[in-house]
Amino acid sequence: MTDFAKIELLVLDVDGVLTDGSIIVNSDGTESKTFNTHDGHAIRMWQRAGFKAAFLSGRDSVPTKVRADQLEIEYVFQNCHYKMPVLEKLVEELGLSAEQVAYVGDDMMDIQPIRYAGFGVAVANATAEAKSYADYVTKAPGGSGAVREVIELILKENGKWDELLKRYVE
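If you're matching positions, the sequence shown starts at 286 in this note's numbering and goes up one per residue.
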């Protein structure tokens, strides 16, 4: 059973989680990705609640770096073909434990981090293998509000959602 009150770090895979997994390769060789604004706003709310967020991607991509800069994501790790050593090092550097981590992934490279985290999540369009190890599978697919769904769930479960919502309703 997840203790949502302990979660302090949200670690997100990028392709297939923050995006729908599509990569547009332009004629000049550059690439483009589409990010969901609802996910971005939820990440901002997560940060306003005093929590940390990280991107942990198997690919190296300029659009990922640009999006991380836009959202002021302090911890961005790209080109990580083996995610566990990077994740464990980050958790150690932040003085946290695995139970204080929520991890959201979608593919084979995410299975170990999903199993490691106190709250391991697979998005709706994740591989069957990733889903089988997750504590939670989102209703929304990656790139279509899955990150927002996870953040709202955690913030509601740990009692922070209502305070954050006041900014928009008062």
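Note that the Cβ used here is the ideal one computed from N, Cα and C, for glycine as well.
Residue range Tyr360 to Phe362 is occupied by the beta strand (DSSP E) that includes Tyr360. Contact between the segment 402–410 and the segment 420–435 is present: three or more C-beta pairs spanning the two stretches fall below 8 Å. For the options Phe320, Tyr367 and Leu372, the alpha carbon positioned closest to that of Gly343 is the one of Tyr367. Distances from the CA of Gly306 to each of Lys318, Lys337 and Arg329 were compared; the closest alpha carbon is that of Lys318.
Under DSSP, Ser317 forms a beta bridge with Ile309.
Pro398 is classed as buried because its beta carbon has at least 16 other beta carbons within 10 Å across all chains shown.
If you check the CB distance, Lys337 and Leu379 come in under 9 Å.
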